[in-house]
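Heads up, my numbering is the position in the sequence shown plus 407, with the first residue counted as 1.
In this text, a Cβ means the ideal position worked out from N, Cα and C, and glycines have one as well.
Small disclaimer: the values here were computed from a predicted structure and weren't measured.
I have placed the structure first, in the form of structure tokens, so that the comments after it can refer back to it.
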Amino acid sequence: MREPAPNTVGTAQLVVEKSDCASDLKVNNAPDETFPEVFATTRMIALMEMAGARVLKPLLQSDEMSVGVTVDIIHSAATPVGAKVTATATYRGRDGKLFVFDVIAHDPAGEIGRGTHKRAIISRERLLSGAAKRSL
């Protein structure tokens with residue numbers, strides 16, 4: 408079975424822009440919902456997922472991709488625009504078909520979040536056909 412070596416690490420980095428901030432998150436353009444101009448939890452999780460995906464990338468066949476299945480994350484510190492954030496995913500093993508990662512994110516001042524992330528390797532076609540069945 409294809410599997411990364413234990414403790415294999417993947418990383419992903421970005422410099423926080425205004426578009427990465429909670430203040431730029433809009434749902435149905437509700438004017439009464441405002442959020443601070445700091446790195447959004449959703450963007451931190453996306454960066455953590457990218458780090459995990461990079462660990463699995465060498466295992467993928469041409470018709471496969473890895474997808475996030477679960478996240479259990481704590482976002483513990485605010486990060487301002489202009490700061491570099493680095494997410495690290497460390498492979499811990501399997502939970503059935505899922506690949507389990509410990510994930511941590513840091514900015515220049517220290518840790519900003521941590522948790523567990525699980526990914527699956529799936530057929531690209533299966534994912535797209537499943538999504539098409541859900542369209543209205």
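Residues near L505 in its chain [Cβ-Cβ closer than 8 Å; skip 5 each side]: V476, T477, K525, R526 and A527
Contact set for T441: own chain, Cβ-Cβ below 8 Å, skip 5 residues either direction: Taking T441 as the centre and dropping the five residues before and after it, the same chain places the C-beta of S430 closer than 8 Å to its C-beta, in chain order.
Helix, strand or coil at K433 according to DSSP, with G and I counted as helix: coil
Where the alpha helix (DSSP H) containing S536 begins and where it ends: Note, S536: alpha helix (DSSP H), R531 to K540.
Coil, strand or helix - D514 by DSSP: strand
Nearest-angstrom Cβ-Cβ length linking V416 and T493, presumed shorter than 8 Å: The Cβ separation is near 11 Å, so there is no contact.
Chain-order list of residues whose beta-carbon lies under 6 Å from that of P479 (same chain, five-residue window excluded): For clarity, residue 479 is Asp in the given sequence; the question names Pro instead. Only G522 and T523 meet the Cβ criterion.
Three CB pairs or more closer than 8 Å across the region 481-495 and the region 530-539: No, the region 481-495 does not touch the region 530-539.
Simplified DSSP state of A458, which is helix, strand or coil: helix
Residue burial classification, P487 (beta-carbon count within 10 angstroms, cutoff 16): exposed
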